[in-house]
Amino acid sequence: MGARLGLLGASLAGGLGLLAALHAPRACADGAAVPSPLEPPSVTRTVVDYAVPEIALVRDDGRAVSLHDELDDGRPVVLNFIYTTCPGICSLASHVFSELQRRLGSERDRVHLVSISIDPEEDTPARLREYARRYSAGPGWRYYTGTAGASI
């Protein structure tokens, strides 16, 4: 009985997949725009004036810095929050940053990539440097840690 239900479920899933595949070209033929893989994606930049708080952090090179001063250099900022012992999403976020840095190529210094640890007790500057090497972080991508109070 269990094998039959498993086979029925697999057949049903396969049939639904086939049905979706057959209707996809028709949906696109109805005038929906399908992006060409040869066309570069369009990018829109929104400029918003945010007040960055004065939070004391420690950069991956061990230097004590102010978050406000670090981000106030005129470059667009792409920021994420990580911790080096994170088993899941942090790795994905770091891979995305690594790929972004790679795709930016020679323009990568025009964007400020910022990763801030949410586990300052564990994430020392030395540990952040090791983590940065794992993801091939270039000079425009900095890692920061701080105190538990600054991380909240």
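Add 32 to a position in the sequence shown, counting from 1, and you land on the number used in my numbering.
Every residue gets a Cβ at the ideal spot worked out from N, C-alpha and C, and that includes glycine.
(request) Give a yes or no on whether 7 Å exceeds the smallest Cβ distance from D155 to chain B. (result) This model lacks chain B altogether; it includes just one protein chain.
(request) Let me know the secondary structure DSSP gives S123 once reduced to three states. (result) helix
(message) What residue range does the beta strand (DSSP E) around Y175 cover?
(response) 173-177
(message) Counting C-beta neighbours from all protein chains within 10 Å, is the total for S149 16 or more, i.e. buried, or is it exposed?
(response) buried
(message) Would you call the segment 67-86 in contact with the segment 122-132, where contact means no fewer than 3 C-beta pairs closer than 8 Å?
(response) no
(message) I need the DSSP call for L128, collapsed to helix, strand or coil.
(response) Here residue 128 is Val; the residue named in the question, Leu, does not match the sequence. Helix.
(request) Reducing DSSP to helix, strand and coil, say where A83 ends up. (result) coil
(request) Tell me whether the beta-carbon of S147 lies closer than 7 Å to the beta-carbon of Y175. (result) yes
(message) Please identify the residue among Y167, A96, A169 whose C-alpha is closest to the C-alpha of T156.
(response) A96
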